[in-house]
Structures are given as structure tokens and as C-alpha cells.
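For the record, in the sequence shown the residue sitting at position 536 is 588 according to the numbering used here, with numbers rising by one throughout.
Built from N, CA and C at the ideal position, the CB exists for glycine as well.
To start, the structure itself, in C-alpha cells.
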Amino acid sequence: MRVTEPTALTLDEKAALTSGANFWWTKGAGDIAAVRVSDGPHGLRWTDTDAPSVVAVSKPSTCFPPAAGLAQSWDPSLAERVGVALGRECRDRNVDVLLGPGINIKRSPLGGRNFEYYSEDPLLTAAMATGWVRGLQSQGVGASLKHFAANNAEHDRMRASSDIDPRALREIYLRAFHRVIQDAAPWTVMCSYNGLNGVLVSQNHFLLTQVLREEWGYDGLVVSDWGAVADRAAAVAAGCDLAMPSPGPGSDAELAAAVRAGLVPEDVLDRAVARLADLSRKAALGRASWAGREAGPGYDANAHHALAWEAATRSIALLKNDAAGDRGPVLPLSASESLAVIGMFAASPRYQGGGSSHVTPTKVDSPLEALTAAAGAVTYAPGFTVDGSGPDEALVAAAVAVAGAADATVLFLGLSAAQESEGFDRATIELPAEQVQLAAAVAAVNPRTVAVLSHGGVLRLAPLAAVVPAILDGALLGQAVGSALADVLLGAVNPSGRLAETVPVRIEDTAAFLNFPGEHSHVRYGEGIYVGYRWHDARDLPVEYAFGHGLSYTSFGYSGLSLAGARDGIEVRVTVTNTGERAGREIVQVYAGLTGSSVSRPPRELAGFAAVDLLPGESQEVTITVRRADLAYWDRRVNRFVVEGGSYTVAVGASSRDLRLTGHATMAGDGLRIPLTLNSTITEVLADPVAGPLAGEAFGTLMPVDDPAAADALGVDLLSLIGSSPIGRMISFSGGSITREMIEQLLAAANAAAG
Ligand code: BGC
Numbered sequence: 053m054r055v056t057e058p059t060a061l062t063l064d065e066k067a068a069l070t071s072g073a074n075f076w077w078t079k080g081a082g083d084i085a086a087v088r089v090s091d092g093p094h095g096l097r098w099t100d101t102d103a104p105s106v107v108a109v110s111k112p113s114t115c116f117p118p119a120a121g122l123a124q125s126w127d128p129s130l131a132e133r134v135g136v137a138l139g140r141e142c143r144d145r146n147v148d149v150l151l152g153p154g155i156n157i158k159r160s161p162l163g164g165r166n167f168e169y170y171s172e173d174p175l176l177t178a179a180m181a182t183g184w185v186r187g188l189q190s191q192g193v194g195a196s197l198k199h200f201a202a203n204n205a206e207h208d209r210m211r212a213s214s215d216i217d218p219r220a221l222r223e224i225y226l227r228a229f230h231r232v233i234q235d236a237a238p239w240t241v242m243c244s245y246n247g248l249n250g251v252l253v254s255q256n257h258f259l260l261t262q263v264l265r266e267e268w269g270y271d272g273l274v275v276s277d278w279g280a281v282a283d284r285a286a287a288v289a290a291g292c293d294l295a296m297p298s299p300g301p302g303s304d305a306e307l308a309a310a311v312r313a314g315l316v317p318e319d320v321l322d323r324a325v326a327r328l329a330d331l332s333r334k335a336a337l338g339r340a341s342w343a344g345r346e347a348g349p350g351y352d353a354n355a356h357h358a359l360a361w362e363a364a365t366r367s368i369a370l371l372k373n374d375a376a377g378d379r380g381p382v383l384p385l386s387a388s389e390s391l392a393v394i395g396m397f398a399a400s401p402r403y404q405g406g407g408s409s410h411v412t413p414t415k416v417d418s419p420l421e422a423l424t425a426a427a428g429a430v431t432y433a434p435g436f437t438v439d440g441s442g443p444d445e446a447l448v449a450a451a452v453a454v455a456g457a458a459d460a461t462v463l464f465l466g467l468s469a470a471q472e473s474e475g476f477d478r479a480t481i482e483l484p485a486e487q488v489q490l491a492a493a494v495a496a497v498n499p500r501t502v503a504v505l506s507h508g509g510v511l512r513l514a515p516l517a518a519v520v521p522a523i524l525d526g527a528l529l530g531q532a533v534g535s536a537l538a539d540v541l542l543g544a545v546n547p548s549g550r551l552a553e554t555v556p557v558r559i560e561d562t563a564a565f566l567n568f569p570g571e572h573s574h575v576r577y578g579e580g581i582y583v584g585y586r587w588h589d590a591r592d593l594p595v596e597y598a599f600g601h602g603l604s605y606t607s608f609g610y611s612g613l614s615l616a617g618a619r620d621g622i623e624v625r626v627t628v629t630n631t632g633e634r635a636g637r638e639i640v641q642v643y644a645g646l647t648g649s650s651v652s653r654p655p656r657e658l659a660g661f662a663a664v665d666l667l668p669g670e671s672q673e674v675t676i677t678v679r680r681a682d683l684a685y686w687d688r689r690v691n692r693f694v695v696e697g698g699s700y701t702v703a704v705g706a707s708s709r710d711l712r713l714t715g716h717a718t719m720a721g722d723g724l725r726i727p728l729t730l731n732s733t734i735t736e737v738l739a740d741p742v743a744g745p746l747a748g749e750a751f752g753t754l755m756p757v758d759d760p761a762a763a764d765a766l767g768v769d770l771l772s773l774i775g776s777s778p779i780g781r782m783i784s785f786s787g788g789s790i791t792r793e794m795i796e797q798l799l800a801a802a803n804a805a806a807g
């Protein structure tokens, strides 16, 4: 398909193309057609563009589980199927780009938009988002990978700079973006509101051009987050191709003037326009792929609701399931027992977050209705309010009365929409005190009490776990919340969700505690690479529920671990057996670590995972490939990822703290050699196979590092004393008898020998 070349457009036309026409449309010029975008991500927030878009109520679409829920499925193929369904809904409304997925790392449990993000771990995040993008784009609809990058808090979100060291930036905050770009080629990337190391992301040349384009080879479009551009010329020059939503003709004219004044090279603007033309071409092909279908694209709302149900069931994590009395674990409940259903979230479920991702569902399954339909005798009491008025004695008394009269109690607890949303961070991870008090009062009269949680961000669960024997974590489950929870509670579905985020014992234990949300528009990422379980494990801190944790109504055994190291990764094989009495799904997790690494590293990092469905008694060998790239650390000396050679510890298990089998795999390293310079330390020079002996010969008498007499004279051996000094400083210490030329010759010989 032919599209207009930038050269065929005037400068003013080109400048105008790089900003939106309105909230949801890009502009067109020549045969570059305008493109329609829409939020996103867990459903289609389609609003009429004639309406004031920022607050317009969207038309109904399927509300799938938001990322915080879906991530708990640990199922990229499910994310792909959700992506396909979203693609169909977008096509149905002629939407060319859906603004998602959100893949920022959950740095602090307090992050206000954590519900829109997958995990504290880049690998899990990347795997889920890759599936989602592939599914969406298979329908001829583009994704917008957001928010690029290091947008991990809502506080001061349009100004605050995320101040991050290179290792943390690369290993934690950019890793998932790179992986999804490599594996799924999203049509667009959305640059975030915040700054990075002092430079606003929308005008950050390092991030948008050097890393994204030059290092990663990304050739799609960079669109700004809505209102993220403060300076059009600086943004285009940095690599932000499209400013959304619509800064207006005055802003376009300013950009054109900046180009005329030579402040922005015209070829940079041309490249932005070429990418817009390319997006327009992709969108046209996407639309064309649906044209001519007999009944138009359409979609089956019931089938999509069924998929939302499946996704929700897979995303429910059973955190605790103790015995109450002599009847064994409380869950699953039996449909023949009488149930007290308590908590207003049973009748008015919380299933998605607030803000730009908020969609109007096609329908909502209420847990109360679903349980009433499936179980025999159900009584209901709201138990509490979420209006902030605190405990209500009458509501508690009514709840205790129904709980005392029932065989079992299901308590629906959680956070209301007003307590967590886009736009602000949470101040606490506590469950509201009135809900904990209610749980204690109810469990005191009915020991068979199950707590069901709805929330977007992590909650401190110790007070709740102290009073109830069972906890089912629903995070946010989308519009099929009620039927999915009822099916898990009653055992029609065996839960297989796993936490995608650590549940800490205390907020004070979390990595970012002292540096969140920052001050004076700077957020210091002082914990570096130690985010989430990496932090808790490195500090050997207790956790309430570990990353990757989730129980089942059956049990699984692990045996026969075998590891095969190859050049491009490690092949992990393990046999998993369903040792219980129900069919179930296990999420097999692989963690890798390198004891004795030359750099600071967490004891273990998620390196792969897979799901296996097993009938009672059934065994299956599971193969998981750990990619070599996932073993690498970022070496700031050479500005690239490096795989160290060595014996990697590979542990396989059911969570980051339930590791069942451990083995070792030897990997050849990348053969990194840092050239020796005058700034290399004496220890580094002596350790070099060529420079070491030469230095010993040449300077041995002046630097008698092995001489016991020298050690006696100084009270310490000489190497301990001077080993960390750069070799170049020996010129001065030797009074000039070691010359710069002598050292340079020696270093050159060593560097030449190393090739
Ligand atoms: C959000 C984006 C969203 C955009 C359009 C922004 O405020 O940060 O995630 O896609 O608005 O609604």
C-alpha cells in the first residue's frame, strides 16, 4: 500500500501530524489516514468522541480481569486469548490501537496504579504482556506498551523524576519493555508522565532514542501519555513521535517554528511522520482484514463473558486453607451446607480499578447472586460500609447473627474504588480496621469462615490471617467476579492462581519503604535491583505470603529434576505428580541464582515457569527453558548485559519460598574483559594473566607485595594496603622511578594479548 512520503508534505502539515486531532484520534494528511485509539487495557473504554471524552461514560464492553488479577493466573496463553477477544471488540468499534498493556513494575505496594500492572517481577510481567499483545495484534489492532518507563508512583506523577541507577533501570524497570518489544512487536509505545534521572521522559533522548531505537531497534511509534508533553520541540527531538491528546494548532506552529529555526532537525520530524504513516498503514491493513466479513466483525458478548469467567477463575489465589475443627480444610465449601454471606462486596462487587482504564461492563456477576444460585441456603448481611464512617455496631451484630446460624461463613472484604485508583498512591496497605474487627467477630461465632478479598494493591494480611482459617485472594477479577468466586468457593473450579507480588509482614519491610513516594519531585530508587521478593530474600525477611504462592484443593509432588546447560540457556526438566484427590493445575516455577557472583545479586530470581494440569495420581514431565539472557546482569562498565560464567543454582518449586528441588547448571560466561588502563587497580593488574607477571618483574622491588618484611614493616601485607590504588598512581608513589611509559607498555601488552 502506498502512503504519503513525508517529503510530499509541507513542514506545517508534518508538524501538525505529530499531535492528536482530539482525545482519541490522530490527524490525517495526504493519504495518511487518521487512526483511532482508545483505553484500555482490560476492556475497551470506548467513548463517543463528540462527548467530553475525559469524563464520558463508555459504551459497554467486556471487563476482563485487570492486570493485577490476570497476572495471578501466571498464564500467558490465557492473556493471549484475552488479547484476541479485546482485539475483536476494538475492531467492532473501529478502534485501531488499544492503549495497553501497562507493564510497569510494582516497586512499592503503595503504588496507586498497581492494579493496572502485572507484577513486581519483570519476567512474569513480560511473559503475560507478550501474550496479551500477540493476541490483540493478531486481530489487526495495535497495542501501546505503557508507561515507558519507570512510572511506578502516582504522587506528583507529571513532574517527579525517578532517579535510578543503571543496573536497576536495566535489570528491573526496562527489562520487561525490551522483552515485549522483542517478542511481540507492539505497534506503539507510550512514553510516561514522569522524569527519568532528571529529564522528563517525553523529552528524554536517552530513553526514547538511544535505548528504544538504537539499542533495541524498535521501529514502531512512540505516543505520549495524555498530556505528558511539556515542550513539543524537545519531545520530537527526543523521539516522541506523537503528542496526545490534542495540544492544538498553536503548539503545532511552535514545533514548525522550532524546525525552521534549526532547533529540531527536519529529518527527525520526517522520521516521526514516517512512523505515523506506518501506523496508519498497519491500521488500514487491520481494518481491511475484517472487511468483507459477512456480518461485520461483531463479537459474541456471551462468549467473551465466558472467557472473562475463565480468566477470573484462573486468577484466584488460595492463600490459606486451614482446618477448622475436625472437618479438614475449610475450602471447598459444600453446596449442601448453609452459608452466611457477609460483606457489602458480595452484593456490590469490586472488580476493576478507577481512572482511565475504567470500563462499563456488559454485565456483572454478583457473588451473592452466584452463591445463592449454586448453594442451598444463603443468608446475607452487609457487615460494614465503605463510606469511611468506621465500624457500625448494628451491622456487625446482624452479621454475627447470620454467621452464628450458618454452617460456614464467606466474608467479602477488600478496598473500595475510592480507596485506590489512578491519580494517587495509597497511604497504607491496611485492610480497613472495621473489616478486620468484623472478621474477628464473625469467626468467633463460626470457625468455618472464609475471607474473600477484592483489591488492586497488596494488603497486609497478618491481622486477618490471625482470625480466619481460609483466605481466597481475588485481587480484581473483572465482570465475572461473582460466578468465578462462587465456583472456586464451592469446588467446581480448583484454584490455581499464584501471587504476582509479595505480601509483606509489614509495609516497613518493603524495599521502597524509605524512598516512597519521594520528595521535591525526585524519587530515589535507593533499593536498586532489590525490588519485591528480591529484597525480602536478600534480606532474609519473613513474608506473610511469598511471591508465587497459591494453594490448591489437591497437592503436588516434584521429582526427577534434570538440568542441561547449553549456550543459549538452561533446559529444566522436572516431573510433577498430582498427589491429591482432585484434578488440579500447578504453576511450576524456576528460580536461578549465582553464588559467588562478581556483582551484588539477589539469592534467586524468577527464570521461567509453566502450568501443568493433572488428574489425581497423574504425573507429567514439565520442560522449562531458562533463557540465557535472563541470567545476565547489567554491567555499567561496558553498558551491556553480561552473563557470568559459573555454576548457577536452579531451584524448582511452587513459590519463591517453597522450593522443592535444587540443582546446578554450568554456564559459559560472555568472556567479558575490561581493558586495563592507568585507572585499573594494582589488584586488577596483578590478576591479569599477562600484566600480572610483567608487573611483578618490572615493579617487584618497588612494590614487594609478596615480601613478608614489607608486611612486617607496615603491620599489614602490602597488597591489602595498596591493592585498590589505580596502577597509574604508582608513578607518584614510586617517586617517578615507575614511569607512565613503563606502565602503559605493560598495559598495552596485556590488552593486545587479550585481543
Ligand atoms: C493514562 C494512560 C491512558 C491515557 C488516556 C492517561 O492519563 O496515564 O494510561 O491511556 O490517560 O486515557
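- Nearest to residue 792 by alpha-carbon distance, out of 730, 802, 735, is 730.
- Here residue 719 carries a strand assignment [DSSP, helix/strand/coil].
- Residue pairing from DSSP places residue 77 in a beta bridge opposite 88.
- Of the candidates 661, 686, 690, 254, 661 places its Cα closest to the Cα of residue 677.
- According to the DSSP assignment, residue 751 belongs to the alpha helix (DSSP H) that extends over 743-751.
- In this structure, residue 252 places its C-beta atom within 8 Å of the C-beta atom of residue 282.
- According to the DSSP assignment, residue 486 belongs to the alpha helix (DSSP H) that extends over 485-497.
- When DSSP states are grouped into helix, strand and coil, residue 265 belongs to the helix group.
- Contact between residue 382 and residue 502 holds: their C-beta atoms lie close to 6 Å from each other, under 8 Å.
- Rounded to whole angstroms, residue 596 and residue 557 show a C-alpha spacing of 5 Å.
- A Cβ-Cβ distance of about 40 Å is found for the pair residue 581 and residue 332, leaving them out of contact under the 8 Å criterion.
- Beyond the five residues adjoining it in sequence on each side, residue 717 comes within less than 6 Å, by CB distance, of 615, 617, 622, 700, 702 in the same chain, given in chain order.
- Shortest gap from the CB of residue 144 to any heavy atom of the ligand BGC: 7 Å or more.
- A distance of 8 Å or more separates the beta carbons of residue 668 and residue 712.
- Under the three-state reduction of DSSP, residue 671 is assigned to strand.
- Set against 7 Å, the gap from the CB of residue 198 to the closest heavy atom of the ligand BGC is smaller.
- A direct Cα-Cα distance of roughly 7 Å separates residue 356 from residue 114.
- At a threshold of 7 Å, residue 98 does not count as near the ligand BGC, since its beta carbon sits no closer than that to any of the ligand's heavy atoms.
- In the three-state scheme derived from DSSP, where H, G and I count as helix and E and B as strand, residue 242 is classed as strand.
- Only exposed fits residue 441, as fewer than 16 other CB atoms lie within 10 angstroms of its CB.
- If you draw a straight line from the Cα of residue 263 to the Cα of residue 727, it comes to about 24 Å.
- Remark: the C-beta of residue 278 is in contact range of the ligand BGC, defined as less than 7 Å to any heavy atom.
- The DSSP-derived three-state label of residue 613 is strand.
- Using a Cβ-Cβ distance cut-off of 8 Å, the segment 672-688 and the segment 561-579 are not in contact, since fewer than three pairs of beta carbons, one from each stretch, lie closer than that value.
- Excluding the 5 residues flanking it on each side, residue 715 has same chain C-beta neighbours closer than 6 Å at 613, 615, 702, in chain order.
- Inside the segment 380-415, DSSP marks whole beta strand (DSSP E) runs of 3 or more residues at positions 391-394, from first to last along the chain.
- The beta strand (DSSP E) runs lying completely inside the segment 135-217 and spanning 3 residues or more are 194-200, 213-215, given in chain order.
- Rounded to the nearest angstrom, the Cβ distance from residue 546 to residue 604 is 6 Å, consistent with a contact under 8 Å.
- The alpha-carbon of residue 708 is positioned some 9 Å away from that of residue 554.
- Rounded to whole angstroms, the separation of the alpha carbons of residue 342 and residue 584 is 43 Å.
- A heavy atom of the ligand BGC is found nearer than 7 Å to the CB of residue 92.
- With a contact defined as Cβ atoms closer than 8 Å, residue 63 and residue 81 miss out at about 12 Å.
- The residue from 758, 483, 143 with its alpha-carbon nearest to that of residue 339 is 143.
- Per DSSP, residue 507 is not a residue of any alpha helix (DSSP H), being assigned neither H nor E.
- Your pair residue 167 and residue 201 does not check out as a contact, with CB atoms roughly 19 Å apart and the cut at 8 Å.
- For residue 633, the three-state secondary structure derived from DSSP is coil.
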